[in-house]
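Everything below concerns the one structure shown next.
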Amino acid sequence: MKIRVGHLYPDYLNIYADRGNIAVLSERARLRGHELAVQAIGIHDAVPVGEIDLFYIGGGQDREQALVAHDLAGKASALREAVESDAAFLAVCGGYQLLGRYYRDVAGHEQPGIGLLPLHTIADKRRMIGDVLLDCAWAGQTLAGFENHAGRTILDEGAEPLGRVVSGFGNDGESGHEGARYRRAYGTYLHGPLLPRNPWFADHLLSEALAHAGGPTELRPLRDELEHDAHTISAARARARGGKF
Ligand code: GLN
-13 MKIRVGHLYP
-3 DYLNIYADRG
7 NIAVLSERAR
17 LRGHELAVQA
27 IGIHDAVPVG
37 EIDLFYIGGG
47 QDREQALVAH
57 DLAGKASALR
67 EAVESDAAFL
77 AVCGGYQLLG
87 RYYRDVAGHE
97 QPGIGLLPLH
107 TIADKRRMIG
117 DVLLDCAWAG
127 QTLAGFENHA
137 GRTILDEGAE
147 PLGRVVSGFG
157 NDGESGHEGA
167 RYRRAYGTYL
177 HGPLLPRNPW
187 FADHLLSEAL
197 AHAGGPTELR
207 PLRDELEHDA
217 HTISAARARA
227 RGGKF
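Using the working numbering, read the sequence shown as starting at -13 and increasing by one per residue.
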């Protein structure tokens, strides 16, 4: 089965090699006999609603976010329509912030968001940097990763967090929430990239994308020995030193 991925602004938003998440999805799809067809969606490109099973947007600094924010705002209704029609979406860090209502950056400039996730973000001077461990009760799983952000994200009414912070700062260092999810859209501060050390989440996204593509959503289990080791080491690091200024 072909899984169609729309990678938003790969030339601008790719901090900490967030593009590695796509490599993981591609390989895990291939090992199950599927093919990931990745299409870049850049500035001035139209969003081919209905023809994308999984959208992806990575992280970036305030400067790169400012370069794409207005173009992304012009894609808001197409992207919202896609998510309402059950396309999957993964947004990391700077991209996550832009999926909310707005992002007020460190310089105090307000960048528009697309309002796909009910949240907003305001930057503060002190950055929140370190390893993170999350409990995702909705999936009965944990996520391990690394965060580095100045933005404090506040979930508005009706927003579901991606997980509860076990160690680390999370959305704002206070609420105990990290990330957000809505239908098949997920936003998170976890970089690293995120998917190599959290294979369950990669497969979760793949099966949701397969459901959108109209294919069978079952994925044959993989051995994942290295992946589980990476998760264990990353989780232990978060437990030892996550979320301290
Ligand atoms: N510019 C944002 C912040 O610092 C996002 C940073 C990132 O994507 N790492 O909050």
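Even for Gly, the Cβ is constructed at its ideal location relative to N, Cα and C.
- Using a Cβ distance threshold of 8 Å, Tyr82 and Tyr(-5) do not count as a contacting pair.
- Scanning Leu103, Gly28, Val54, Pro179 for the CA closest to the CA of Glu67 turns up Leu103.
- The beta carbon of Val152 sits closer than 6 Å to the beta carbons of Leu119, Asp121 from its chain, once the five residues preceding and following it are set aside; these are given in chain order.
- When C-alpha distances from Val92 are compared across Gly137, Gly86, Asn157, the shortest belongs to Gly137.
- Val24 sits close to His(-7), with the two beta carbons spaced by under 8 Å.
- Annotation for His(-7): the continuous beta strand (DSSP E) segment containing it runs -12 to -6.
- In this chain, the beta strand (DSSP E) harbouring Thr174 covers 171 to 174.
- Take the alpha-carbon of Ile108 and the one of Leu(-1): they are about 19 Å apart.
- For Gly99, the Cβ stays outside the 7 Å cut-off from all heavy atoms of the ligand GLN.
- Close CB contacts of Pro185 within its chain, under the 6 Å cut and outside five residues either way in sequence, are with Asp210, Glu213 (chain order).
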